[in-house]
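Throughout the sequence shown, residue numbering follows our numbering, covering 1 to 351 in sequence. Ideal placement from N, C-alpha and C gives every residue a C-beta, glycine not left out.
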Amino acid sequence: MKKILFIEDDPVVRENTAELLELANYKVITAANGKTGVADAKKHLPDIILCDIMMPELNGYGVLQILSKDEMTKHIPFIFLSAKTDHKDIRKGMDLGADDYLTKPFDESDLYSAIESRLAKVEILNENIEKKEVSEIEITENELKTLEHLKLFFKENAEEYTFNPGEIIYHKGDNSNFVYLIKTGVVKTFKSDEYGKELITALHKENDFFGFTSFIQNVPYQEFATAIESTIVLRLLKSELKDILQKNHEVTLELIDHLTDNVSEIKEHLLQMAYSSVRKKTATTILQFTEKIKNRPEECVKISRSDLASIAGIATETFIRTLSDFKKEGIIDVDGRNIKIINIHKLKKVT
1 MKKILFIEDD PVVRENTAEL LELANYKVIT AANGKTGVAD AKKHLPDIIL
51 CDIMMPELNG YGVLQILSKD EMTKHIPFIF LSAKTDHKDI RKGMDLGADD
101 YLTKPFDESD LYSAIESRLA KVEILNENIE KKEVSEIEIT ENELKTLEHL
151 KLFFKENAEE YTFNPGEIIY HKGDNSNFVY LIKTGVVKTF KSDEYGKELI
201 TALHKENDFF GFTSFIQNVP YQEFATAIES TIVLRLLKSE LKDILQKNHE
251 VTLELIDHLT DNVSEIKEHL LQMAYSSVRK KTATTILQFT EKIKNRPEEC
301 VKISRSDLAS IAGIATETFI RTLSDFKKEG IIDVDGRNIK IINIHKLKKV
351 T
């Protein structure tokens, strides 16, 4: 979740704008004046800063001047939001290094557009820097330092396979000779109970690893893996990955941390399945799946009801009834396999 620092002395504007941004799935930190805003920027290092100009103690121009001289904050995108509409005021803000200038009152779509374009620009610049840094050195299997280096090694050396929605990637009981990295798409892993019902164990999105089993014992896959949507995976021999990890201890430790985080997520999910209400399980599952496939809240989630119910740990019929309740309450809209979040604020309140 992207983090926004909003510096504004008017409490009504501050609260209303912060609520709009939270509904758009941003984490918002607010500051009531420029001095507090500077301190919060250095403390929280937000992804973007929105700042009023006319404020007590320290105005917006002063905030930008201070932050632009600090190594930790000078690259954070900075947008002025101000009632000052004079051309010379706008020019002053841009000359100081602001990325954008919106005049009050502003349309929320203009605000979202300004934020999204600046965040996208930063991501593109960061990606280009990373690509340049990677291209400047030839990474061999003996020089891998981070998990990102390992993923790059997969992309350069692993076999690539494409799977259609619903197509099995591997079966439970197959020899676990390979480890996978998702290039694009979403994969579910699952087991089947004695009645043939699917019990989903995990969802994996783009840039996720899956298919890990013991590196020491010859253990077959303990679950099935299936593509939920059109998916491209990269497949590397487990024996080759084992050799890489033995030669690169830093990557091994980072991979252990990554797998430990996955175990913690599973424990949290089991607690939710055991003790949460049906409404909370349903709301949490919709939010988790939306986050997994990197959908924006206003975009549709495309997945079968039975899959979502399996993730939530409730009967499909009960899950469908809860979806109907959410639809009647104006929280979501349902059209066939598509679920669209209408009011993410209300949906999060359920959880």
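Check, Outcome
"Looking at chain D, is there any beta carbon in it that lies within less than 8 Å of the beta carbon of Glu-206?", "No chain D appears in this structure, which consists of one protein chain only."
"Using CA atoms only, rank isn't needed, just tell me which of Thr-201, Glu-116 and Leu-237 is closest to Phe-154.", "Leu-237"
"Tell me whether Glu-108 sits in a helix, a strand or coil according to DSSP, three-state version.", "helix"
"Which residue marks the beginning of the alpha helix (DSSP H) containing Phe-190, and which one marks its end?", "No alpha helix (DSSP H) holds Phe-190; the beta strand (DSSP E) holding it covers 187-192."
"I need the straight-line Cα distance from Thr-351 to Thr-290, nearest angstrom please.", "15 Å"
"Tell me which residue opens and which closes the alpha helix (DSSP H) that Ile-182 is part of.", "That residue, Ile-182, is in no alpha helix (DSSP H); its beta strand (DSSP E) goes 178-184."
"Hey, how far is the Cα of Leu-150 from the Cα of Val-251?", "7 Å"
"Report yes if the C-beta distance between Phe-224 and Ile-168 is below 8 Å; otherwise report no.", "yes"
"In angstroms, rounded to a whole number, what distance separates the CA positions of Leu-308 and Asp-335?", "15 Å"
"In angstroms with no decimal places, state the Cα-to-Cα distance between Asn-343 and Gly-330.", "7 Å"
"Let me make sure I understand the geometry here. Which of Ala-98, Ser-310, Asn-59 and His-204 has the alpha-carbon closest to that of Lys-197?", "Ser-310"
"Have a look at Glu-123 and Glu-194 and give me their C-alpha separation to the nearest angstrom.", "47 Å"
"Exposed or buried, which one is Arg-118 when buried takes at least 16 other CB atoms within 10 Å?", "buried"
"Quick check on Ser-277: does DSSP put it in helix, strand or coil?", "coil"
"Starting from Phe-80, trace the alpha helix (DSSP H) both ways and give me its first and last residue.", "Unbroken run through Phe-80 is the beta strand (DSSP E), 78-82; no alpha helix (DSSP H)."
"In its own chain, which residues sit with a C-beta less than 7 Å from the C-beta of Thr-184, not counting the 5 before and 5 after it?", "Glu-206, Thr-231 and Ile-232"
"Name, in chain order, the residues that DSSP records as bridge partners for His-366.", "This structure cannot speak to residue 366, because the chain is shown only from 1 to 351."
"Considering only their Cβ atoms, is the gap separating Ile-53 from Ile-4 smaller than 8 Å?", "no"
"Which residues does DSSP pair with Glu-198 in a beta bridge?", "Ser-192"
"If we count Cβ pairs, one from each stretch, closer than 8 Å, do we get three or more for the region 65-76 versus the region 31-45?", "yes"
"Curious, which full-length beta strand (DSSP E) runs of at least 3 residues does the region 27-85 contain?", "27-31, 48-51 and 78-82"
"Determine the contact status of Leu-199 and Phe-190, defining contact as a CB-CB distance below 8 Å.", "yes"
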